[in-house]
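A.B. asks: Residues in the sequence shown are numbered from -7 upward in steps of one, following my numbering. For glycine and all other residues, C-beta sits at the position ideal for the given N, C-alpha and C. Take a look at the following structure, please.
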Amino acid sequence: MIGNYLIGWMGLDGNIIRYVQLIRYPIGFLGMIVVFTALYYYIPCKRLRWLEVMPGAIFTSFLWIVLSMLFAYYVNNYGNYSAIYGSIGAIIILMLWLQITSTTILLGGELNALLAHDKELRYRLSENKR
């Protein structure tokens, strides 16, 4: 909505809207990867390399998008919370979505920790064989 307003305000061609709609999800996905990579790089006490935190960032970004789409589908098609609970229903839905997304962020961090632990074990086993 804001993008359409800005395109109209700048006087750009209407075909630009199609291109913007095509690239908005990949750009958003890449932006999420950057944010989660920084999160998984700077937050833990143990320092990992940038490439070591990428699997968790990609996993979290992908899972976040998929779960958000599924949750939006559920709310739009099956959830009638506003008629039953009013504004409290919106708070309940928001809290449920926050729970799902925070669990997704933790799963990405766990994936990074698991991969780092596996790499460390392989290194120790290779040194013991020498």
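Residue range of the alpha helix (DSSP H) that arginine 16 falls in?
C.D. replies: 7 to 34
A.B. asks: Suppose the cutoff is 6 angstroms on Cβ atoms and the five residues either side in sequence are ignored; what does the same chain contact list for phenylalanine 51 look like?
C.D. replies: Gly100 and Leu103
A.B. asks: For the region 20 to 36 against the region 79 to 92, do three or more pairs of beta-carbon atoms, one drawn from each stretch, fall closer than 8 angstroms, so that the two count as touching?
C.D. replies: no
A.B. asks: Any contact of the region 18 to 28 with the region 43 to 62, i.e. 3+ C-beta pairs under 8 angstroms?
C.D. replies: Between the region 18 to 28 and the region 43 to 62 there are three or more inter-stretch CB-CB distances shorter than 8 angstroms, so the stretches are counted as touching.
A.B. asks: My parser needs the beta strand (DSSP E) runs of 3 or more residues fully inside the region 55 to 115; what are they?
C.D. replies: none
A.B. asks: Return helix, strand or coil for leucine 117, following the three-state DSSP convention.
C.D. replies: The three-state reading of DSSP puts leucine 117 in helix, counting H, G and I together.
A.B. asks: Anyone know if the C-beta pair for isoleucine 97 and phenylalanine 63 falls short of 8 angstroms?
C.D. replies: no
A.B. asks: Candidates Tyr66, Leu107 and Ile57: which alpha carbon is nearest arginine 16's?
C.D. replies: Ile57
A.B. asks: Nearest-angstrom Cα distance between valine 45 and isoleucine 35?
C.D. replies: 11 angstroms
A.B. asks: Using a threshold of 8 angstroms, state whether the C-beta atoms of alanine 82 and leucine 40 are closer than that.
C.D. replies: no
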